[in-house]
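K.L.:
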Amino acid sequence: MQVKLWGVRGSIPTPLSNREYKNKIQRILENAIKTGLGDISKIDDFIKKLPDDLQHVYGGNTTCVSLTSESGITYIIDCGTGLRPLGYDLMKGPCGEGKGVITFFITHNHWDHIQGLPFFNPIYVSGNVLNFYSPYKKQRELLEQQQSAPFFPGIFNDTPSMKNFYLLDTKNRTSVKFEDDLIMDYFPLNHPCGSFAYRFKQNNKIFIFATDAEFTGKILETIGNSTDFFLNADLLIIDSQYTLKESFLKIDWGHTSYTMAVNCGVKWSIKNLVLTHHEPSYYDSKLHLNWKKAVEHGKLINNKNTKIIMAREGMVFKL
Ligand SMILES: [Zn+2]
Ligand SMILES: [Zn+2]
5 MQVKLWGVRG
15 SIPTPLSNRE
25 YKNKIQRILE
35 NAIKTGLGDI
45 SKIDDFIKKL
55 PDDLQHVYGG
65 NTTCVSLTSE
75 SGITYIIDCG
85 TGLRPLGYDL
95 MKGPCGEGKG
105 VITFFITHNH
115 WDHIQGLPFF
125 NPIYVSGNVL
135 NFYSPYKKQR
145 ELLEQQQSAP
155 FFPGIFNDTP
165 SMKNFYLLDT
175 KNRTSVKFED
185 DLIMDYFPLN
195 HPCGSFAYRF
205 KQNNKIFIFA
215 TDAEFTGKIL
225 ETIGNSTDFF
235 LNADLLIIDS
245 QYTLKESFLK
255 IDWGHTSYTM
265 AVNCGVKWSI
275 KNLVLTHHEP
285 SYYDSKLHLN
295 WKKAVEHGKL
305 INNKNTKIIM
315 AREGMVFKL
């Protein structure tokens, strides 16, 4: 399977500011002067050696991730504003001809996880089929509410695509098996108004998506003892909105520090741990610093096998 990140920012879309853009240019030029860059043909090499926060923009769109299974079927987790560019991409294929079938999984209905749906072009094409899997009984009603007058001009129920809603059984948490042998499981998370993690398995590869979630030492112990839901994944994308210090100031806000996220990843023997749901007030330079500190923290707790990665829009993981 292939996993692509379309939105990694938490809480609210966060475009790059002019101040941050100028700061990046200044630091890049300082770097160029220090390293004596004087040849246009060496620009590519120069860029590759820059720190991550100068090579890239982490991204301002809110949560949206696509999963393309081995047989080429597209699944989407959450409908944050990252869904808009994903929609443009999908319109180049069957969705543009009204022959698309897209399956969505909804973690919860906070704005930053559903706000992109009114801007998802395939929803406006007759013939496309959108299947929504959700643990919330009123899922359709909630999407109707956000896409209704006077909040939005194109009413959800008037959009010509077909929508099907499937309620997940939160009591028994029965696995769902799809036609391409992709198996999906789900798990409740600690978050205001609730949220669910999703776990996907195909060809013995495991991908888990777990935001929004407030993992604590106590929860980590409890989960470790009660279930193997989180164990041994090839890829875990996890909430890590805060620094440890900020997480202590925001107890019960429903998000995790990168320190605790690393504790989780190492304890659960995760191969690739991706830190996401970035705090909107953190500039790219701070996110890069947080990543370095997260790697350092991993060393302190004797991390040997978990690769720690800072989520960035456009990142692709092939499992
Ligand atoms: Zn969120
Ligand atoms: Zn939330």
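First residue of the sequence shown: 5, per this note's numbering; consecutive thereafter. Glycine residues also receive a C-beta, built at the ideal position from the N, C-alpha and C atoms.
Quick one: what's A265 bridged to in DSSP?
P.N.:
BP columns for A265 are empty, so no partner.
K.L.:
Given a threshold of 16 other Cβ atoms within 10 Å of its Cβ, counted over all protein chains shown, does P122 qualify as buried or as exposed?
P.N.:
buried
K.L.:
Go through the stretch 242-313 residue by residue and report every complete run of the alpha helix (DSSP H) that reaches 4 residues or more, in order.
P.N.:
248-253, 262-271, 288-304
K.L.:
DSSP beta-bridge partners for Y137?
P.N.:
F109, Y170
K.L.:
In the structure shown, what three-state DSSP assignment does S45 receive?
P.N.:
Helix, per DSSP.
K.L.:
May I ask you to report which of helix, strand or coil DSSP gives G318?
P.N.:
coil
K.L.:
Under 8 Å by Cβ, that's how I've got L323 and K209 pegged, so tell me the actual separation to the nearest angstrom.
P.N.:
4 Å
K.L.:
If you draw a straight line from the alpha carbon of I241 to that of A153, how long is it in whole angstroms?
P.N.:
Between I241 and A153, the C-alpha separation is close to 35 Å.
K.L.:
Who sits around ligand 2, taking every residue whose Cβ is closer than 5 Å to one of its heavy atoms?
P.N.:
H114, D216
K.L.:
Going by other Cβ atoms of all chains shown within 10 Å of its Cβ, with 16 needed for buried, is D173 buried or exposed?
P.N.:
Residue burial annotation: D173 is exposed, with fewer than 16 other C-beta atoms found within 10 angstroms of its C-beta.
K.L.:
Kindly list the residues whose CB is nearer than 8 Å to the CB of I305, restricted to its own chain and excluding five residues on each side of it in sequence; keep chain order.
P.N.:
V266, N267, V270
K.L.:
Return the residue from the list D288, I312, M314, R316 that minimises the CA-CA distance to E24.
P.N.:
D288
K.L.:
Could you tell me which uninterrupted alpha helix (DSSP H) segments, each at least 4 residues in length, are contained entirely in the stretch 173-244, listed from first to last along the chain?
P.N.:
221-230
K.L.:
Per DSSP, G11 forms a beta bridge with which residues?
P.N.:
The partner list for G11 (beta bridge, DSSP) reads C68.
K.L.:
On the DSSP bridge list, what partners appear for Y79?
P.N.:
L71, T107
K.L.:
On the three-state DSSP scale, how would you describe Q150?
P.N.:
helix
K.L.:
How about P19 and G64: do their beta carbons lie closer than 9 Å?
P.N.:
yes
K.L.:
Can you have a look at G221 and say buried or exposed, based on whether 16 or more other CB atoms are within 10 angstroms of its CB?
P.N.:
exposed
K.L.:
Tell whether a beta-carbon distance below 9 Å holds between D96 and F321.
P.N.:
For clarity, residue 96 is Lys in the given sequence; the question names Asp instead. No, they are not a contact pair.
K.L.:
Give a single yes or no on whether H117 has its beta carbon closer than 8 Å to a heavy atom of ligand 1.
P.N.:
yes
K.L.:
Quick check on the DSSP output: the alpha helix (DSSP H) that includes Y92 runs from which residue to which?
P.N.:
87-94
K.L.:
Does the stretch 32-45 come close enough to the stretch 70-83 that 3 or more CB-CB pairs lie under 8 Å?
P.N.:
no
K.L.:
For L291, collect the residues of the same chain with a Cβ closer than 7 Å to its Cβ; drop the 5 residues on either side in sequence, then sort them by chain order.
P.N.:
D57, Y62, H282, M314
K.L.:
Is any heavy atom of ligand 1 found at a distance shorter than 8 Å from the C-beta of S15?
P.N.:
yes
K.L.:
Can you give the Cα-Cα distance for P196 and D243, rounded to whole angstroms?
P.N.:
14 Å
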